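When the count follows our numbering, it moves up by one through the sequence shown with no breaks and lands on 319 for the last residue. All residues carry an ideal CB built from backbone N, CA and C; glycine is no exception. Bear in mind that the values here come from a model prediction, so they are computed numbers and not experimental data.
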Amino acid sequence: MARPMLIAGNWKMNGTRAEAADFLSKLRGLKPDARPGRQLLICPPATLIGEMAKPLAASGVLVGGQNCHPGVNGAFTGDISAGMLRDLGSSHVILGHSERRAMHGETDQLVHVKAMAARRHGLIPIICVGETLAQREDGQAEAVVREQVRTSVPDGIEGDALVVAYEPVWAIGTGRAATLDDIATMHHIIREALAGKSDGAACGLIIYGGSVKPNNAAEILSLDLVGGALIGGASLDAGDFMAIADAT
Ligand code: PEP
């Protein structure tokens, strides 16, 4: 059976309990469980995962984290482990988002060990890769992404427990998605880079993120190698999120 498309929302540092309740009630009205071939996932701030896990599950929607620490527990003030995310009901964790790479100095090596920690606790890592505008303008985009995949994705990871999100940094939160040609080319390159790794990584799911909206989702999701979308801003609105999930 073909793997369902992953339609994942990244709420970033947005959402109070009241806003989450409002989102959940609107989402329920849009019957998110009636979407064959699409797996829906919301990654809210860690403060909301426990609260949202059950109501989302009742609607057939998964919940996930936005980051995790590579360790199990200990003196790491402010951090959250993969096991803790799992304990709250998470199925996935976003790792190496460009905002964490840029603002928290996360390296490919750190993303790699976080992904291994995620797998040890039964979480599916969504490993984000993508070039900056300067790297693209310098003709480095493909080399940068190849290297990020080579170094961030653990060898031997099972393909059905791996998601790689191609998120060009310049497309995130800007309203300017990558062109269909660029998305297709980069998905092909990521597929090749995964094939160069040992074992099952080759069949990991590859999704696109960067200004995915209801008005461009259908054309992006219809591309051959695109296995879903990682959605920032538009995922905060239940109607927009479901319009993207419904886009064909
Ligand atoms: C993101 O944060 O991963 C993202 C893709 O954001 P946006 O959809 O707002 O560009």
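C-alpha of G145 to C-alpha of C199: approximately 26 angstroms in a straight line. Closer than 7 angstroms to some heavy atom of ligand 1: that does not describe the Cβ of I291. Look at E238: its beta carbon is less than 7 angstroms from one of the heavy atoms in ligand 1. Within the chosen limit of 7 angstroms, ligand 1 does not reach the beta carbon of K268 with any heavy atom.
Judged by DSSP in its simplified three-state form, S152 adopts strand. At least one heavy atom of ligand 1 lies closer than 7 angstroms to the C-beta of I302. M155 counts as buried, since at least 16 other C-beta atoms from the protein chains shown sit within 10 angstroms of its C-beta. For H163, the uninterrupted beta strand (DSSP E) segment begins and ends at H163 to L166.
Its chain contains P285 as the residues whose beta carbon lies nearer than 6 angstroms to that of A314, once the 5 sequence neighbours on both sides are disregarded; these appear in chain order. For S223, the CB stays at least 7 angstroms from every heavy atom of ligand 1. Fully contained in the segment 232 to 273 are the following beta strand (DSSP E) runs of length 3 or more, in chain order: 234 to 237.
Contact between the segment 299 to 306 and the segment 251 to 263 is absent, with fewer than three C-beta pairs closer than 8 angstroms. Remark: the C-beta of G280 is in contact range of ligand 1, defined as less than 7 angstroms to any heavy atom. Within the same chain, Cβ atoms closer than 8 angstroms to the Cβ of L112 are found at L77, I78, A79, G80, V132, L133, V134, G135, S162 and H163, the five residues on either side in sequence being excluded. The three-state reading of DSSP puts R109 in strand, counting E and B together. With fewer than 16 neighbouring CB atoms inside 10 Å of its own CB, P107 falls in the exposed class. If you compare the alpha carbons of S293, L95 and A117 with that of T319, the shortest gap goes to S293.
Nearest to Y279 by alpha-carbon distance, out of R171, T250 and A272, is T250.
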